[in-house]
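Have a look at the structure below, then the notes.
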Amino acid sequence: MTSQRSSSVLEAMAGPYDPASVEARLYDTWDESGAFQPSGDPGRRPFTIAIPPPNITGQLHNGHVLFVAYQDLMIRWQRMHGRAALWLPGTDHAAIATQNVIERELAKEGLSRHDLGREGFEKRFWQWKDEVGNSINDQLRRLGASVDWTREHFTLDEQLSRAVREAFVRLYEKGLIYRGRYMVNWCPDDQSAISDLEVEYQDVEGSLWHIRYPLVDGGHLTVATTRPETMLGDTAIAVHPDDERYQSLVGQEALVPGIGRRIPIIADAFVDPEFGSGAVKVTPGHDPNDAAMGERHDLPVINIMNGDGTLNDNAGRWSGRDRFDAREAYLEFLQAEGLLERVEPHTHSVGHCSRDGAVIEPLVSEQWFVNARPLADAAAAAVNDGRIRFHPARFKNEFLRWLDEIQPWCISRQLWLGHRIPVWYCQDCGAVIVAREDPSSCPVCGGRNLRQDPDVLDTWFSSGLWPFSTLGWPDDTPDLRRFYPTDVMETGYDIIFFWVARMVMLGLELVGEVPFHDVYFHGLVRHLDGSKVSKTNYQPGDDPLETIEAYGADAMRFSFVTAAAPGNDMRLDLRQVERGGHFANKIWNGAKFVIGAMERTSGAAAGEPSLIDRWILSRFNQVHADAIRDVERFRFGEAGRTLHDFLWTEFFDWYVEAAKIRLYGDDPAAAARTALTLATVLDGSLRLLHPFMPYVTEEIWRHFRAAGGAGDSPELLIETPIPSASPNVDQGAIAQVRALIEIVQSIRNARHESGVEAGRQVEARVIGGDDGLESQAVFIQRLARVDPLTFHVADTTFHEPAVTARAGGVEIFLPLAGMVDLTAERERLARELADAEATLGRAEQLLANPRFVERAPEAVVAKERDRARAASERVAQVKERQAALVESP
Ligand SMILES: [Zn+2]
Ligand SMILES: [Zn+2]
Numbered sequence: 001m002t003s004q005r006s007s008s009v010l011e012a013m014a015g016p017y018d019p020a021s022v023e024a025r026l027y028d029t030w031d032e033s034g035a036f037q038p039s040g041d042p043g044r045r046p047f048t049i050a051i052p053p054p055n056i057t058g059q060l061h062n063g064h065v066l067f068v069a070y071q072d073l074m075i076r077w078q079r080m081h082g083r084a085a086l087w088l089p090g091t092d093h094a095a096i097a098t099q100n101v102i103e104r105e106l107a108k109e110g111l112s113r114h115d116l117g118r119e120g121f122e123k124r125f126w127q128w129k130d131e132v133g134n135s136i137n138d139q140l141r142r143l144g145a146s147v148d149w150t151r152e153h154f155t156l157d158e159q160l161s162r163a164v165r166e167a168f169v170r171l172y173e174k175g176l177i178y179r180g181r182y183m184v185n186w187c188p189d190d191q192s193a194i195s196d197l198e199v200e201y202q203d204v205e206g207s208l209w210h211i212r213y214p215l216v217d218g219g220h221l222t223v224a225t226t227r228p229e230t231m232l233g234d235t236a237i238a239v240h241p242d243d244e245r246y247q248s249l250v251g252q253e254a255l256v257p258g259i260g261r262r263i264p265i266i267a268d269a270f271v272d273p274e275f276g277s278g279a280v281k282v283t284p285g286h287d288p289n290d291a292a293m294g295e296r297h298d299l300p301v302i303n304i305m306n307g308d309g310t311l312n313d314n315a316g317r318w319s320g321r322d323r324f325d326a327r328e329a330y331l332e333f334l335q336a337e338g339l340l341e342r343v344e345p346h347t348h349s350v351g352h353c354s355r356d357g358a359v360i361e362p363l364v365s366e367q368w369f370v371n372a373r374p375l376a377d378a379a380a381a382a383v384n385d386g387r388i389r390f391h392p393a394r395f396k397n398e399f400l401r402w403l404d405e406i407q408p409w410c411i412s413r414q415l416w417l418g419h420r421i422p423v424w425y426c427q428d429c430g431a432v433i434v435a436r437e438d439p440s441s442c443p444v445c446g447g448r449n450l451r452q453d454p455d456v457l458d459t460w461f462s463s464g465l466w467p468f469s470t471l472g473w474p475d476d477t478p479d480l481r482r483f484y485p486t487d488v489m490e491t492g493y494d495i496i497f498f499w500v501a502r503m504v505m506l507g508l509e510l511v512g513e514v515p516f517h518d519v520y521f522h523g524l525v526r527h528l529d530g531s532k533v534s535k536t537n538y539q540p541g542d543d544p545l546e547t548i549e550a551y552g553a554d555a556m557r558f559s560f561v562t563a564a565a566p567g568n569d570m571r572l573d574l575r576q577v578e579r580g581g582h583f584a585n586k587i588w589n590g591a592k593f594v595i596g597a598m599e600r601t602s603g604a605a606a607g608e609p610s611l612i613d614r615w616i617l618s619r620f621n622q623v624h625a626d627a628i629r630d631v632e633r634f635r636f637g638e639a640g641r642t643l644h645d646f647l648w649t650e651f652f653d654w655y656v657e658a659a660k661i662r663l664y665g666d667d668p669a670a671a672a673r674t675a676l677t678l679a680t681v682l683d684g685s686l687r688l689l690h691p692f693m694p695y696v697t698e699e700i701w702r703h704f705r706a707a708g709g710a711g712d713s714p715e716l717l718i719e720t721p722i723p724s725a726s727p728n729v730d731q732g733a734i735a736q737v738r739a740l741i742e743i744v745q746s747i748r749n750a751r752h753e754s755g756v757e758a759g760r761q762v763e764a765r766v767i768g769g770d771d772g773l774e775s776q777a778v779f780i781q782r783l784a785r786v787d788p789l790t791f792h793v794a795d796t797t798f799h800e801p802a803v804t805a806r807a808g809g810v811e812i813f814l815p816l817a818g819m820v821d822l823t824a825e826r827e828r829l830a831r832e833l834a835d836a837e838a839t840l841g842r843a844e845q846l847l848a849n850p851r852f853v854e855r856a857p858e859a860v861v862a863k864e865r866d867r868a869r870a871a872s873e874r875v876a877q878v879k880e881r882q883a884a885l886v887e888s889p
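Residues in the sequence shown are numbered consecutively from 1, following our numbering.
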């Protein structure tokens, strides 16, 4: 019966590992089994990760694979360690990005959002979301993400919208949210304020215009500017107080050309006397530094721009024109008036919108702000006292520095898609109403003429609540009580301030506890040319689904985790993914060998473990302990590489080769023990490797159990515990087998060097070493193809041509007569020596020529030096081999 069942197992595993036939089936099996949901057993300590919600508009690209690979690794690892593991999935509405997508769709139909109105636009959004909003989830499934789909959230859900409103009202009531006129970064394309973090600075080759301002008392003062149109909003000219050239002018007045406004000439230490003429225009409405200067000198603030980038009535006869158009027209006017002194080319840094590339206009406008200062102090305290830890630790200082310099956070956006600001203005008495529920009348005057603030909230405001809003906050839910604070926040370092800092500040303020204890930053994924893999820089090969189809999800995940180092960017090389696929196949084939061994010995009683058995079990116990230690310290790549190297080399190469000796020998008890050892190591390895390569390990587990492996363990590997590592490590066995392996390797090298055919047996003499070594003669004989093998006491000498080597604490003597035709070998070596010496001679001659060394390109000279070095090494090697061939007297 047993043999019949087992052989059908191997039949089912025929051929190489085929991810495509396995992955979708296993994902459904896991999902349907309920394994993705955290255990309800109150005795199990929770382990929670809230997924960084991808944008609803998004498609996963290779840059996203890292977060899935790391987070699923941690979640599976902790689940297998008995924790109630919860990975919370969901998506973000990404206000501006999504509104742009929908507006582009409307444009194709010849419509704008204004044709639909706010309500119609929202309806259109939900329709769009139903149609395309799930593609991101399908991609997560393909990668094997074990998220709890029953707890999925979307930032515009009713529940999360209620959380957003609660948060806004609470912060407002505490005076932490306020409305004010401040300088913001204005994107004329989005027609919205955007946050500092959304501005990308680029060096632009522009011009520096030197312009004359007429003085009221006659004469003129020259000022240099890169944005002449903003002169229309000037309210002063400033010079440095110590600048002797201008001291007599301070206190006088100048005229803004074309407008005729009288503006004072002031002295301020902020002015750089070395820049331009040393006199600068002051435009508090459109420049943050000027705004600060304006405050110091109590200057008026004049805004000259409309939201769409055209100039407003304050711009006099240039009003109504687009900003760049107005610049040209104004310059023409200045030229005609003789006020344009000169123009010079000038490279300067210009802020651009990170989404649409529009040139940002700093302008003063009415916005809602979070007073982030007290929140940032609380966040810094949580980091300083260790409630929050960063991995790698170097991000701690960067985080603290940013908190230290934090600015008010502008949270209003002039968009339609998003959480509408819960503020109403009474049109009758002017009252401002901030409310959790939509008010129907004014609490002050009872009037019903209310108008809601037209703006929506920055999308990072709602994602800042993510770790607790997804658990039911503001309600005191069982999930919030059990899973908050979450355990790990895993994300890219590029959103440390956008998102991580906001979650910490809002979690502490609103829930009273840190949102997570450990923050793990992965690096960015880059193309081989170094450019960042992103939505806007999509290149062929960036689609993870294509890569999964070619190599499997495991190959992709494993290669990403083992190639990346925390916090450092990685360059994606698809050859690495291919190697990950080879590894999956190596395990698959190795598992088939193990299952075959189990079949062959089924029913036999196992004898005593051999030296080789004790070695592999000890090595497994070491690797097991190392992997646990590394994963606990967030060193996932190291853990993966340790498992890989152990399985590939020690287990599936050395142990399997050595196992064949006893497995196919004539001692059934020894064969049974060998099969048992194979099964034990495979069982433990599958468990450790599962979080790294979930599919191939789960599929092998299924066959392994069908063949009678894994005892009474759970049916699914995803739910099987990883035990703690056994402390049984036989250091003696490890040292002995290591020596045997070195001996075999050195004999293999010598055979290879001498060109011995793979199948041929050669003679070897081992000099030195102890009896223990002699008892393992068969290991050396089989694995190095040695016959005869003899052992000799230390210092024994032989006088005949031979290759000798020191390895594993002994001397190995390989008589050459059995390996090569001595005469032919001598001739071959003589030819090779002549060749190497000629190459060396040519290179040395060239390098001795000063004209070559001085005039040839550096790379050519370096190449010649390398050639000389290689040739001289070869000469030495060949001479050594010739010496070994000298016949003894
Ligand atoms: Zn923009
Ligand atoms: Zn009122």
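Idealized CB from N, CA, C, for every residue including glycine.
Since this is a predicted model, take the numbers as computed values, not measurements.
Excluding the five sequence neighbours on either side, which residues of its own chain have a C-beta within less than 8 Å of the C-beta of residue i, listed in chain order?
{"i": "Ile495", "result": "Pro52"}
{"i": "Ile433", "result": "Val423, Trp424, Tyr425, Cys426, Pro439, Cys442, Pro443 and Leu450"}
{"i": "Thr914", "result": "Shown here, the chain extends from 1 to 889; a query on residue 914 therefore has no answer."}
{"i": "Ala329", "result": "Trp318 and Arg321"}
{"i": "Leu106", "result": "Ser112, Arg113, Asp115, Leu116 and Arg124"}
{"i": "Val875", "result": "Leu833, Ala836, Glu837 and Leu840"}
How big is the Cα-Cα spacing for residue i and residue j?
{"i": "Arg162", "j": "Gln252", "result": "57 Å"}
{"i": "Thr235", "j": "Ile388", "result": "47 Å"}
{"i": "Glu509", "j": "Asn397", "result": "22 Å"}
{"i": "Val370", "j": "Asp458", "result": "11 Å"}
{"i": "Ala50", "j": "Asp529", "result": "33 Å"}
{"i": "Asp613", "j": "Leu717", "result": "25 Å"}
{"i": "His210", "j": "Arg633", "result": "59 Å"}
{"i": "Thr942", "j": "Trp87", "result": "Nothing about residue 942 can be read from this structure; the chain reaches only from 1 to 889."}
{"i": "Leu506", "j": "Phe497", "result": "13 Å"}
{"i": "Ala553", "j": "Val500", "result": "28 Å"}
Taking the beta carbon of residue i as the centre, do at least 16 other beta carbons fall within 10 Å, making it buried, or is it exposed?
{"i": "Tyr931", "result": "In this structure the chain extends from 1 to 889, so residue 931 is not present and cannot be described."}
{"i": "Tyr213", "result": "buried"}
Taking DSSP as the reference, what is the three-state secondary structure of residue i?
{"i": "Ile860", "result": "Sequence check: residue 860 is Val here, not Ile. It is helical."}
{"i": "Glu774", "result": "helix"}
{"i": "Thr98", "result": "helix"}
{"i": "Arg633", "result": "coil"}
{"i": "Leu176", "result": "coil"}
{"i": "Tyr213", "result": "strand"}
{"i": "Ser365", "result": "strand"}
{"i": "Ser412", "result": "strand"}
{"i": "Tyr520", "result": "strand"}
{"i": "Ala834", "result": "helix"}
{"i": "Trp473", "result": "coil"}
{"i": "Phe121", "result": "helix"}
{"i": "Ala735", "result": "helix"}
{"i": "Phe791", "result": "strand"}
{"i": "Ile496", "result": "helix"}
{"i": "Tyr484", "result": "coil"}
Leaving out the 5 sequence neighbours to the left and right, which residues in its chain are closer than 7 Å to residue i when beta-carbon positions are compared?
{"i": "Glu864", "result": "Ala843, Leu846 and Leu847"}
{"i": "Ala627", "result": "Ala639, Thr642, Leu643 and Leu688"}
{"i": "Glu337", "result": "Pro257"}
With a CB to CB cut of under 6 Å and the five nearest residues on each side skipped, what residues in its chain are close to residue i?
{"i": "Ala922", "result": "Residue 922 lies beyond the residue range present for the chain, which begins at 1 and ends at 889; the question has no answer from this structure."}
{"i": "Pro326", "result": "The sequence shown places Ala at residue 326, rather than the Pro named in the question. Cβ neighbours of Ala326 beyond the five flanking positions: Glu229, Leu311 and Trp318."}
{"i": "Tyr655", "result": "Ile616"}
State yes or no: is the beta carbon of residue i nearer than 7 Å to at least one beta carbon in chain B?
{"i": "Asp234", "result": "Given the protein chain composition of this structure (a single chain), no chain B is represented."}
Below 8 Å on the Cβ atoms is my contact criterion, and I expect residue i with residue j to pass it. Report the Cβ-Cβ distance as a whole number of Å.
{"i": "Phe813", "j": "Arg765", "result": "4 Å"}
{"i": "Gly464", "j": "Arg420", "result": "Contact doesn't hold; Cβ gap of about 17 Å is too wide."}
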